[in-house]
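In our numbering, the protein residues as written are 1300 to 1619.
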């Protein structure tokens, strides 16, 4: 075992605050992870972690190593990626992050196709809705639908997508279908936490305006809201690609399509300080080429019907 392997193992334990979770992430046994950290402590001559049966925390020396080792690990990985990039085909490890729930939409098909096309690339995909430091956490590519203000990141637009207002056929039959955005004020909203919780953005005749709504629940994971909408709890306002499969089969019915803003983009962000490996370049190009617009789902009928006879047209595919 070399020093870099020991440091990388220690960093994984420090980030996850657990030997077991670090072992799962690294594909190692817990005993091996513990041995690596113990060896690093022996070589450095100081204790790096405070251990107990219930918790694990960094010592002062451990915090210093965690802070100062980020550049070292990033440089070493970038060098190895550059060397691998000289090969004829993309290969090696590619670490990516994306919002929770995104794998439930188009991303699963894109990732499956990429892995089949590049069998020598190992993809580590992390799902999280928190803000992350790409360099600190060793992320090569971060997918996001939110605004990116970090000047140290290079941002590539991938594809434009819409938000969608949708609910189950049973909910619309029970509560009535809104004809104009202002009708949303009498409905129970299931709100995406990245959007306003008291007002929702719409467009009428090309002019943006906000509509006051009543939110029954909000969450930072759109898939949770979609699951509740499927059960008739309320109306979801979520990224449309995440609800795509349910729209296609008619389990969720969209409304007010002509009033939805069209200023949402999916971005791929990566650090200027990480050299592009062949695998990273291949993934960025593949993501961009794999995404394209698709036909808009059909509008539901203007008036609801009783629940037993509810028969809304099936929606066609839309893409993020």
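For every residue, glycine included, the Cβ atom is placed at its ideal position computed from N, Cα and C.
- With a floor of 4 residues, list each alpha helix (DSSP H) that falls wholly inside the segment 1504-1585, ordered by position along the chain. 1521-1529 and 1539-1547
- Task: Have a look at residue 1568 and residue 1472 and give me their C-alpha separation to the nearest angstrom.
- Result: 42 Å
- Going by DSSP, which residues form a beta bridge with residue 1441? 1396 and 1568
- Task: Determine the contact status of residue 1510 and residue 1463, defining contact as a CB-CB distance below 8 Å.
- Result: no
- Item | Inter-residue spacing [alpha-carbon to alpha-carbon] between residue 1532 and residue 1526 | 9 Å
- Looking at the structure shown, is residue 1391 part of a helix, part of a strand, or coil, going by DSSP? strand
- Under three-state DSSP, which class holds residue 1327? coil
- Query: Can you tell me where the beta strand (DSSP E) with residue 1487 in it begins and where it stops?
  - Reply: 1487-1491
- Please name the residue or residues paired with residue 1426 in a DSSP beta bridge. 1397
- Message: According to DSSP, is residue 1500 part of a helix, a strand, or is it coil?
- Response: strand
- Query: Could you give the distance in angstroms between the alpha-carbon of residue 1559 and the alpha-carbon of residue 1396?
  - Reply: 28 Å
- Looking at the structure shown, is residue 1483 part of a helix, part of a strand, or coil, going by DSSP? helix
- Item | Cβ-Cβ distance between residue 1551 and residue 1529 below 8 Å | yes
- Task: Between the Cα of residue 1399 and those of 1425, 1469, 1301 and 1375, spot the shortest distance and give me the residue it belongs to.
- Result: 1425
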